[in-house]
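Protein chains in written order, with the numbering used here: chain S, 1 to 470; chain R, 1001 to 1218; chain P, 2001 to 2308; chain X, 3001 to 3604.
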Amino acid sequence: MLSILILMPFLSALGVLLPVSKAFRLKLFLVISLFYGLIVASFWKHLPAGEYHGFIVLDPLGLIMLSIIGFLYLSVSIFMMGYFNHEQRSTRIFMACLMLLLSTMTLASVSYHLGLLWVAIEATTLFSAPLICFHRNQQSLQATWRYLLICSVGIALALMGTFFLAIAAHEVHTLLLPSLLKGASSLSVDWLKLSIIFFVVGYGCKMGLAPTHSWKPEAYGQAPGMVGVIMAGALAQCSFLGLLRISQICNKTGLADFYSSILIVSGLLSLVVPALFILGEKNIKRAFAYSSIEHMGLLVLGLGMGAVGLYGALFHMINNALAKVIMFLTAGSVAQKYGSTRTDEVTGVIHIYPVTGVLLIAAFLAGIGIFPFATFHSELLILNAAIISRHFLLAAVGVSCLAVMFIGIGKIVLGMIHGKPKEPLIAKKENFYMNMAIAMAVVLLAGIGLWMPGALKHLISDAVLLTGAV
Amino acid sequence: MTTWVDTSCIITVFLALIILSNYRVTAMIRIFALQSFVLSLLPFFLHAYSLSGRDIFIVIVTMVLKAALAPSILFWAIRHVSMRSEIKPILGFGSSIILGVILIAGAFWVSSSLKLPGGKPASDLILPCSLSTVLLGFMIMVTRTRAVTQVLGYLILENGIFLFAVSLFDVMPVLIEMGILLDIFVAVFIMAIVVNHINEEFEKDLASVSRSKMGETF
Amino acid sequence: MMFIVFSILSHWLIVLALSPLFAGIIAKIKAFFAGKKGPSYFQLYFDLRRLFMKNCVYSRSTTWVFRFAPIVNLAAVLVLSLIIPLGSFKAPVHFSGDILLAAYVLGLARFFMIIAALDTSSSFEGMGASREAFFSCLSEMVLFMNFITLAFLTHSISLSTMIGADIPMSWKMAGTVLLLVVGSLFIVLLTENSRIPVDDPDTHLELTMIHEVMLLDHSGVDLGFMLYASAIKLFIFAGILVPIVYPVQTGIPLLDTLIFLGGMLGLSIVIGVVESTMARLRLNRVRNLLLIAFALAFFGFVVKMWKG
Amino acid sequence: MEKILQFPWQVPFGELSLRLDSLSLIFIVAVFILVLCAGTYAAGYMRQYRGKRPLGLHIFFYLLLSSALVFILLADNVILFLGAWELMTISAYFLIVFQDDDASVRRAGFIYLIASHCGTFLLILMFFLMAHHAGSMDLTLISHAGFSPFLAGIIFLLAIFGFGVKAGFIPIHIWLPHAHPAAPSHVSAVLSGVMIKMGIYGICRVLWTINVLPDWCGYLLLLIGVVSGVMGVLYALGQHELKKLLAYHSIENIGIIAIGLGVGLLGRGHQMPFLAVLGFGGALLHVFNHSIFKGLLFLGAGAVIQKTHTGQMDQMGGLARSMPLVSLLFLVGAMAICGLPLFNGFISEFIIYFGLFQGLFHLPLQGAFACALGIIALALMGSLALACFTKVYGTVFLGEPRHPGIQGGQTPALMLAPMLILGGICLWIGLFPQTMAKMAFSAGAYLSHSQISTLNMGNIFLPLSFIIYGILLFLIVVIFLAGLRWKLLRGLTIPLRETWICAFSQITPKFQYTSSSFARPIVDFFKGILFFKREGGEVKGNFPLKTSMASSVHDAVEEFLIKPMYRRLTVLSKKLDINRIRYTQMYLMYILLYLIFLLAWKLK
């Protein structure tokens, strides 16, 4: 079952590469993501069996990740139905890469062997690079380059981390997660510590934790909206999955405090740094990129704060993904309508494109975590975890960073929503697919915020139990 | 055989140091090729008496990838974008040497507290040397402004990792193969450079690209 | 019930009857100091009678506010007068907090005075109104400071108690406090009733006018009401001041009233003397005068606190 | 009295538990009255925008705001409270920026949003501290937990700042004077009438939850009240713009309320339930009254601005003749806000005064001193407010129009009716205060954790009834005098002439005192704390020609604290941003350094 899930997108990528019409590609893409979504949904009933002697296993953590990926691809594929009506550029490579990315991310979220996990994440880097330079102009190429360089360094470091882990686990003689956990007592602590550090920095590069975040504003700023969604919502969180796996090991080997102290430091950095950068920003996509750094920081902080924080973090993973769908897709549609994403060139959206305007409002509220959007709850959960674990100062700093973030993003987005538009005030017709794709996410996120489904609750608490956090 | 291993480790680090202090691209590539060649011979030295098929495979693949393919791609790249040397060295010869030495010292310092577990290691120089090669490679990336040379630095870093991987040959099965995957990955993205002419774009000094243009999408 | 009504009416009778005389006496004193014969003591009665007989003239730009203001003004001072004990211990209306009612009824009157002045759209009256508003802020502050001190002294917020029975005792206990209060209250009296050195009640046509200039456009009955109101107001303030400085109580109502009137006479003389010996202050000095008054009252309060 | 309803609500820590107690009751009544009145008014007022703007969105957010307000007042669960709070903040923002093509409006809205959201973050911290200490997210349960003085102090400070932003305490009031003029009038009415009261409600809720607070809290609250009150009314005097002036008056009234709360807190701290009830009750009654008359004033201002198309008082004048009913209602509101007898403002101020005097008599020395300060401040505020509103009424409705463009006109009944209702309530409470006073006192008793039945409330109700008799007597006298005047003038034809300004012949409206010139002496007197600026105005040469003078009062906090801080932050982030353009390898270096830092930190 799982291997189907991995292979299906892979094959369809090959199919997409064939010289077929754009419409066909879009339809194929939609169908594939629908299937994917359905399969993942079926997993909610009962988890599938592991495959390849336990190299590929789906556990609650993986299921959370897969559901996120599935929903993201679904909404993106719907969005593209509308988006590519106006694009002349060839979509062959683009879609193929998206598909390959899908399969590799799936692999990453189901791989139970840390080496395999690393391979998968390396592959995602390779396939996501071409997506960024979809518009082949200087800036996008520069962005791609920075992304490649930094992420490949990250990957190299992660590889070293894997090696160190291997040495630490020389008695277990395998990197399969269950056997690592079983033989946790036999792991040599020094090497484990070394490997943890390299993992945090390495996977941190992919997550875009400060100070390794610098590629994010560039890449997200250049990439088309859909790519932003996939990267901020799914890709970054895949590498967070890597950190989660590490935390499983740490909780077993009594290195939890060591790990959490590192996590808290990098989380704090990733809260502070974007707050410093955001106020000078004018470009909505870049602003969203900064906010995504902020949210990654929140995730890491949550992970560093024991069970309550982890619960918040996992919940926030989902909400953040949904919020990113709303934010980047809306940004994408605005970008396509105005040919710009700078707040001083885009004004009065609500007057010309009422629906997009409303969605933009939703994007703003979801992004900064305002009730009823579920991001509100998960942010509160993480803050509360900070207070429960008696990191009062941390909570205060985090709160003030969030406030600054709020100011920065608000200045940009609200500036776009309101104001006297350059064109005359006639409401224009909008594309149904694009708005629907976004509206889906809006409804879902608000729904979760108003009434958190029991299944979700259980899934998350299972995941927390799985990691053995206390 | 340990002496052979030790010497090859030392040579690797030394060559990395040379590259760090050198600014002529062609020379750098050649030295890199030499370093890769030495590295790719390591499995022989490690298992001189009990060569397995896997050893042969590794040696050949690495030799092809590191010592032949990567350098030639790089040469192709610089020919393609017609650049011979770095425009302006960020660090002078002396300072880069000193920096490199400091990094090496640090690497040894860190690894002094770490014992390679399981039996007696083939050579106790492997860990510090690989670490210092990694750091030196990193340093090269930091001090070079050109895409190609940064890639070169990355390759050095990656050689360091390979060195480490080789030492883990029998600790864990698949690790070296993963290292080789990394090689392929790198090779691919050097292609990316050339195909996308990133370097031509980079002929314009990045610092001169105005804020607005960087901030601009589309 | 009947008794209350009766006492209220008699109280009003006294006030209405005597207040013009009080103003007259002061005028006479001033004339005497100026070496003139001066108008008769009862001049104000004649003026009022004349004014009540006369017809009004209104400006085109005025509204009902302008016509309504004099009524409110007079009504306010009449209600206000009920809480002033004239000679006896208790005023016809006394309850804890009556000073607050008094102050705010006065405020009501002031409110209408000012907007009536603005209603005429004349620059002079606007000027007067603005100054009235300003100085009343200060004088009200001073008034309340005095109330606080007195209240703190007597543990009551009813005027009849504050300036009533145990004033003689307080003189013994905290004479200095009362002294300070008296000083500051006297200044308030001068300001609120626009006497020299703050203001000149006799001229209406000077740019330095404060209160009086607001009457410029009133005529006939309205002017009558206004003049009567200000006369009563003066009488009231005097009525607050006298029992404090002159706390003689025999217990025989009639006698007490006479004593009280004697005190009033004395006070009128004092006011007359002050008015004729002092020169008008420059406007921006007035506020300093008021601040001094405030300082006095506040100092009194502090001293009282010190004594505990 | 309190009722608690609980439903399951499946969000983290969430529970849909609602409580209605005498504290929230008085607020809820105010909310319902004002929201309904303003809504009706809006139906008439927003006609002018039909088809020009997204009215649907506006209505949606108006309803959202109303329901959020109710939920805040009913919420017994922290998450529910915070959620409703956020909704209120956001929906209010979108109501404020209704006329968003005007840059100043956008700016105002944004300032509001920033300020209140920062406040919200403080609140989040505060509530979580409480919850962490009490081990529950349920306010009722939290109220049973005991708090150490230190923790209680911290929470109190967080509450003062977090809720104070919304309530508009000086110096964290900056959003208020921008937002109120920017919003459409019915919105400003709701904002100023009830939304800022939510800040007060929050503080009350905290006072209720933490029933033992350190002594200094009461003094702090009282001090804040004094400062906000006096500064607020002074700033108001300095304004030329009608709604901005009203906005500053909201700050003043919040100050009065805070004074009341402070006295109540002192009373509670010193085990003087009667004093506590007086303080809290007075404050809460003033909350109610203020929401009524301030609503009335804003609606009136809206009716005026709708006709004159400007808020500049220096241009208006003489509107009483063209819109008599509006002017009458505005007068009612003005007298009420000045706390003059006959209307509701006086009642609540009287109660607070009464409480202050009680405190003066019975509290220990420093308490007595604080109360004296409060009394003086109240007196000063009262007379300054009087000056301010005589200025408003005199320059807007009386005299002659100072600008040819100014003329009034018919106001639709849909807009007049709600104003009539509000005015009626003002008069009702002014003449028959018993009902509302009882309600407020029971709320005050609830807040001071004391049984009202054990107290001798006659001590306050007796004076109140006397007050009413006094007012009635006053009315009788007025009627009698009016009758007398009518009798004296009967049969005479009253001639109308030009205003006599000392024999000057050509009189033009330019002669009139403007609002600025009216306020000038006071503003000058308080120059020191008002940052009063004048440009131009000096006459040059022997034959002076045209010259111009402009004066303005600047908000110190905004000018000297907020603006520079924000500017600094932006500049800093711009600088950093330039850094971003540098070579990629700088970032590689950061990574390297980070790695080395971690290695050095963790391995040795």
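Every residue, glycine too, gets a C-beta built ideally from N, C-alpha and C.
As the structure is a prediction and not an experimental result, all values here were calculated from the model.
Starting from the C-beta of residue i, find all residues in its chain whose C-beta is less than 6 angstroms away, skip the five residues before and the five after it, and write them out in chain order.
i	result
P:M2310	Residue 2310 of chain P is absent from the model: chain P starts at 2001 and stops at 2308.
S:L244	L61
X:N3253	H3290
X:M3385	The residue you asked about is not Met; residue 3385 of chain X is Ala in the sequence shown. These residues qualify, in order along the chain: V3233, C3338.
S:F94	F134
X:F3094	F3061
Once you ignore the five residues that flank residue i on each side, which residues in its own chain have a CB closer than 8 angstroms to its CB?
i	result
S:F258	K193, I196, C250
P:V2303	A2174, T2176, V2177, L2180
R:M1214	Below a pLDDT of 50, predicted positions are generally treated as unreliable, and R:M1214, at 39, falls in that range; the measurement from the model is reported next regardless. Excluding sequence neighbours, R:M1214 sits near nothing in its chain.
R:T1217	Residue confidence is low: R:T1217 scores 33 on pLDDT, short of 50, so the model does not pin down where it sits. Its coordinate-derived value is still stated next. Cβ neighbours of R:T1217 beyond the five flanking positions: none.
X:A3030	G3193, V3194, K3197, V3287, F3288, S3291, I3292
In chain P, which residues lie with their C-beta within 7 angstroms of the C-beta of residue i?
i	result
X:A3379	E2140, M2141, F2144
X:Q3512	S2121, S2123, G2126
Residues in the same chain with beta-carbon distance under 7 angstroms from residue i, minus the five sequence neighbours each way, listed in chain order, please.
i	result
R:V1174	none
X:L3380	V3230
P:I2014	L2086
S:L118	Here residue 118 of chain S is Trp; the residue named in the question, Leu, does not match the sequence. Hits under 7 angstroms: A158, L159, T162.
P:N2055	G2220
P:I2007	Sequence check: residue 2007 of chain P is Ser here, not Ile. Hits under 7 angstroms: P2092.
Tell me whether residue i counts as near the ligand ZN, meaning its Cβ is closer than 6 angstroms to at least one heavy atom of that ligand.
i	result
X:G3311	Judged by which ligands are present, the structure shown has none, so any question about the ligand ZN falls away.
If we define contact as Cβ-Cβ less than 7 angstroms, is residue i a contact residue for chain B?
i	result
X:V3332	Protein chains S, R, P and X are contained in the structure displayed, whereas chain B is not.
Quickly, what does DSSP pair residue i with across the bridge? List them, please.
i	result
S:I56	S:E51, S:S111
X:M3549	X:G3536
Quick one: list the residues of chain P neighbouring residue i, beta-carbon separation under 8 angstroms, in chain order.
i	result
X:M3335	L2108, F2111
Can you name the residues of chain R whose CB is closer than 7 angstroms to the CB of residue i?
i	result
X:L3592	F1138, V1142
Which residues in chain S sit within 9 angstroms of residue i, going by Cβ to Cβ distance?
i	result
R:M1178	G115, W118, V119, E122, L159, T162, F163
In chain S, which residues lie with their C-beta within 7 angstroms of the C-beta of residue i?
i	result
R:V1061	Those do not exist, as R:V1061 stays about 17 angstroms from chain S at its closest Cβ, beyond 7 angstroms.
Determine the chain R residues that contact residue i at a beta-carbon separation under 8 angstroms, and present them in chain order.
i	result
S:S152	Y1154, F1185, V1186, F1189
Name the chain X residues that come within less than 8 angstroms of residue i, Cβ to Cβ?
i	result
S:N384	F3013, F3128, A3131, H3132
Short-range partners of chain X found in the segment 2149 to 2170 of chain P, where Cβ spacing is below 8 angstroms:
A2151, F2152, H2155, I2157
Mind listing which residues of the segment 3548 to 3572 of chain X have their C-beta closer than 9 angstroms to chain S's C-betas, in chain order?
Y3566, L3569, T3570, V3571, L3572
With 7 angstroms as the C-beta to C-beta threshold (strictly closer), list the residues of the segment 3003 to 3021 of chain X near chain S in chain order.
Against chain S - using a Cβ distance shorter than 7 angstroms - the residues of the segment 3003 to 3021 of chain X are Q3010, V3011, P3012.
Against chain R: residues of the segment 160 to 187 of chain S by CB proximity under 9 angstroms
M160, T162, F163, F164, A166, I167, A168, A169, H170, E171, H173, T174, L175
Under 7 angstroms (Cβ pairs) to chain P, residues found in the segment 3473 to 3484 of chain X
L3473, F3474, V3477, V3478, L3481, A3482
Looking at chain X, which residues of the segment 2028 to 2058 of chain P have a Cβ within less than 7 angstroms of any of its Cβ atoms?
F2052, N2055, C2056, V2057, Y2058
So if I threshold CB-CB distances at 9 angstroms, which residues from the segment 212 to 230 of chain S count as touching chain X?
T212, H213, S214, W215, P217, E218
I'd like to know if the segment 328 to 336 of chain S and the segment 217 to 226 of chain S are in contact, where contact means that at least 3 CB-CB pairs between them fall below 8 angstroms.
Enough Cβ pairs lie closer than 8 angstroms, so yes.
Where the segment 1152 to 1171 of chain R meets chain S: residues whose CB sits under 8 angstroms from a CB there:
Y1154, L1157, E1158, I1161, F1164, A1165, L1168, V1171
Tell me, please, whether the segment 46 to 61 of chain S touches the segment 78 to 92 of chain S by the rule of three or more beta-carbon pairs shorter than 8 angstroms.
no
Check each residue of the segment 2080 to 2101 of chain P: if its Cβ is closer than 8 angstroms to any Cβ of chain X, include it; give the result in chain order.
Against chain X - using a Cβ distance shorter than 8 angstroms - the residues of the segment 2080 to 2101 of chain P are L2082, V2093, F2095, S2096, G2097, D2098, L2100, L2101.
With a cut-off of 8 angstroms, do at least 3 Cβ pairs link the segment 109 to 128 of chain S to the segment 170 to 185 of chain S?
yes
Three or more C-beta pairs below 8 angstroms linking the segment 3171 to 3185 of chain X and the segment 3552 to 3572 of chain X:
Flag = yes, the segment 3171 to 3185 of chain X and the segment 3552 to 3572 of chain X touch.
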